[in-house]
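Enquirer: I have a structure here, written as structure tokens, and I will follow up with some questions on it.
Residue numbers (this note's numbering): 15 to 421.
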């Protein structure tokens with residue numbers, strides 16, 4: 015029983031990185047166009063979407079945006095008709111970019127600071143899955159210095175080094191209690207770092223068609239000396255030493271993308287992106303505890319994720335000299351196989367729909383607005399490790415705003 019409890023504790027914190035917490039909210043213009051951007055040249059967020067396009071930007075940029083994310087999920091246990099819902103919480107993914115280079119030069123440098131993974135989920139202590147999850151607060155911040163070079167008027171290339179800092183705070187109930195502790199609890203928290211790169215090629219055919227190809231590498235995130243705080247009856251404290259420490263690591267998946275942009279009739283720009291996410295590198299999760307006992311041993315938990323694909327389309331219409339209107343959408347397959355779904359984000363194949371606009375306040379300032387709705391497919395599952403069994407149904411609502419300064 016005790017080993018099962020600790021196995022459950024070990025399986026959760028990093029599984030969320032590989033599921034629906036790949037939030038993909040790195041630029042308001044691109045969000046409005048269905049998250050397309052690999053083959054587009056819109057603003058300084060090319061630092062993320064395609065470093066190869068940065069050298070083709072005609073201006074320098076400083077910009078910042080935020081996309082408050084509201085994740086709503088419901089759960090009905092197998093054999094029941096009672097639905098439990100997550101609490102109303104808002105996660106704040108953001109992006110900041112700076113791009114600079116002499117107008118006559120063939121090169122530009124840039125810096126991106128953005129949050130490709132993150133989330134905030136709170137199921138509370140009264141739902142059937144409280145022994146799997148009570149709450150989760152997950153944050154990651156990527157820092158990406160970038161260099162881009164224009165080989166010719168047609169082709170440019172670029173690459174950036176990626177440093178990641180992530181933090182997690184997870185709480186769950188544990189089925190060990192006494193008169194002094196009516197409900198046992200485990201809290202796992204800590205921070206970790208990882209490194210990688212983002213590289214791209216951008217092609218401007220000079221006939222209205224632009225093409226982009228990018229590869230964002232795997233970022234192997236290591237968490238050292240995380241804190242495990244276990245609240246258990248006094249008679250069990252020697253078996254479950256607390257506070258304790260643990261080490262773990264997870265490869266955040268690489269992504270390969272190709273994108274196309276096509277402008278016509280002077281006012282229209284359409285785009286298409288295809289992304290292949292290499293989730294199959296996530297085979298297992300291993301935890302190394304700093305203080306082991308005969309009950310608390312290091313753990314190895316299989317994950318066996320599969321690769322995933324997303325397809326995205328978008329359009330932009332120049333309504334006036336000052337107003338741009340955008341819309342888009344797409345479909346993303348889940349990497350999570352049956353039997354491995356967890357309530358942090360009960361991942362499933364999803365469709366998403368977006369809209370946005372830009373208003374040119376003056377010749378230097380743009381105000382960008384975006385909105386996204388994601389609908390995850392209903393998924394009925396029994397987790398092979400925790401045995402949590404039931405049906406999840408989830409929706410995501412994401413407004414966004416950014417201010418862009420260019421000169």
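Where a beta carbon is used, it is the ideal one built from N, C-alpha and C, also for glycine.
Go through its chain and collect everything with a Cβ distance to residue 489's Cβ below 7 Å, but skip five positions before and after it.
Expert: The question about residue 489 has no answer here: the residues shown for the chain are numbered 15 through 421.
Enquirer: For a test of the three-state rule: what should DSSP assign to residue 65, helix, strand or coil?
Expert: Correct three-state label for residue 65: helix.
Enquirer: In whole angstroms, what separates the C-alpha of residue 356 from that of residue 96?
Expert: Spanning the two alpha carbons is a distance of roughly 19 Å.
Enquirer: Taking the alpha carbon of residue 351 as the reference point, which residue from 219, 329, 297 has its own alpha carbon closest?
Expert: Of 219, 329, 297, the residue nearest in Cα terms is 297.
Enquirer: What residues in its chain sit with their C-beta under 8 Å from that of residue 121, if we drop five residues either side in the sequence?
Expert: These residues qualify, in order along the chain: 69, 115, 161, 162, 163, 164.
Enquirer: Using a Cβ-Cβ cutoff of less than 6 Å, which residues in the same chain neighbour residue 19 once the five nearest sequence positions on both sides are dropped?
Expert: With a pLDDT of 49 at residue 19, under the threshold of 50, the modelled position of this residue cannot be trusted, and the question is left open.
Enquirer: If you check the beta carbons only, do residue 278 and residue 224 fall under 9 Å apart?
Expert: The answer is no: Cβ separation not under 9 Å.
Enquirer: Under a three-way DSSP split, which group does residue 185 fall into?
Expert: Of the three classes helix, strand and coil, the one that applies to residue 185 here is strand, per DSSP.
Enquirer: Residues bridged to residue 262 by DSSP?
Expert: Residue 262 is bridged to 237.
Enquirer: From which residue to which residue does the alpha helix (DSSP H) around residue 344 run?
Expert: Residue 344 -> not in any alpha helix (DSSP H); beta strand (DSSP E) instead, spanning 337–346.
Enquirer: Could you tell me the distance, in whole angstroms, from the CA atom of residue 119 to the CA atom of residue 333?
Expert: When rounded, the distance between both Cα atoms is 33 Å.
Enquirer: Using the Cβ count rule (16 or more neighbours within 10 Å means buried), how would you classify residue 267?
Expert: Classification for residue 267: buried.
Enquirer: Taking residue 336 as the reference, give the member of 234, 380, 40, 348 with the closest Cα.
Expert: Considering only alpha carbons, the answer is 380.
Enquirer: Throw me the rounded Cβ distance for the residue 178 and residue 235 pair, which I believe falls under 8 Å.
Expert: Contact holds; Cβ gap of about 6 Å.
Enquirer: Which residue wins for smallest C-alpha separation from residue 401, given the options 147, 80, 39?
Expert: Of 147, 80, 39, the residue nearest in Cα terms is 147.
Enquirer: Going by the DSSP bridge assignment, what does residue 47 pair with across the sheet?
Expert: BP columns for residue 47 are empty, so no partner.
Enquirer: Assess contact between the stretch 42–61 and the stretch 390–409, defined as three or more Cβ pairs (one per stretch) separated by less than 8 Å. Is contact present?
Expert: Segments in contact, no.
Enquirer: Here's a check: name, in chain order, each residue in its chain whose Cβ is nearer than 6 Å to the Cβ of residue 340, leaving out the five neighbours to either side.
Expert: So the list reads 46, 47, 330, 370, once near-sequence residues are dropped.
Enquirer: Go ahead and label residue 398 buried or exposed: buried means 16 or more other beta carbons lie within 10 angstroms of its beta carbon, across all protein chains shown.
Expert: Exposed: under 16 other Cβ atoms inside 10 Å.
Enquirer: When DSSP labels each residue in this structure, what does residue 224 get in the three-state scheme?
Expert: The answer is strand: DSSP assigns residue 224 an E or B state.
Enquirer: For residue 321 and residue 312, I'd like the C-alpha separation in whole angstroms.
Expert: Each residue's Cα considered, the two are about 28 Å apart.
Enquirer: Between the alpha carbons of residue 227 and residue 420, how many angstroms are there, rounded?
Expert: Those two C-alpha atoms are separated by around 25 Å.
Enquirer: Please confirm whether residue 253 and residue 243 have their CB atoms less than 9 Å apart.
Expert: Not closer than 9 Å, so no.
Enquirer: Under a Cβ-count criterion, where at least 16 other Cβ atoms within 10 Å of its own Cβ denotes burial, should residue 286 be classed as buried or exposed?
Expert: Per the 10 Å Cβ criterion, buried.
Enquirer: DSSP has residue 121 in a bridge; who is on the other side?
Expert: The partner list for residue 121 (beta bridge, DSSP) reads 163.
Enquirer: Give the DSSP-derived three-state secondary structure of residue 27 in the structure shown.
Expert: Only weak support is given to the placement of residue 27: the predicted model assigns it a pLDDT of 47, under 50, and the value that follows is read from those uncertain coordinates. Residue state, collapsed to three classes: coil.
Enquirer: List, from N- to C-terminal side, the beta strand (DSSP E) runs of 3 residues or more that fit wholly inside the stretch 124–162.
Expert: With a minimum length of 3 residues, the continuous beta strand (DSSP E) runs that stay inside the stretch 124–162 are 132–136.
Enquirer: Thinking residue 359 and residue 108 are a contact (beta carbons under 8 Å), I'd like their distance in whole angstroms, please.
Expert: Going by Cβ atoms, the distance from residue 359 to residue 108 rounds to 19 Å, so no, they are not a contact pair.
Enquirer: Answer with buried or exposed for residue 38, where buried requires no fewer than 16 other C-beta atoms within 10 angstroms of its C-beta.
Expert: Label assigned to residue 38: buried.
Enquirer: What residues in its chain sit with their C-beta under 6 Å from that of residue 326, if we drop five residues either side in the sequence?
Expert: Around residue 326: 48, 49, 50, 287, 344.
Enquirer: Candidates 144, 101, 112: which alpha carbon is nearest residue 123's?
Expert: That would be 112, whose Cα lies nearest to the Cα of residue 123.
Enquirer: Taking DSSP's pairing of strands, which residues face residue 170 in a bridge?
Expert: Paired residues: 164, 216.
Enquirer: Beta carbon of residue 142, beta carbon of residue 404: below 9 Å?
Expert: Yes, the pair counts as a contact, with Cβ atoms nearer than the cut-off.
Enquirer: With a cut-off of 8 Å on the beta carbons, I'd call residue 41 and residue 79 a contact; round off their distance for me.
Expert: With 8 Å as the limit, residue 41 and residue 79 qualify as a contact, their Cβ atoms being about 7 Å apart.
Enquirer: Going by other Cβ atoms of all chains shown within 10 Å of its Cβ, with 16 needed for buried, is residue 349 buried or exposed?
Expert: That one is buried.
Enquirer: When we look at the beta-carbon of residue 280 and count the other beta-carbons within 10 Å, is it buried (16 or more) or exposed?
Expert: The residue is exposed, with fewer than 16 neighbouring Cβ atoms inside 10 Å.
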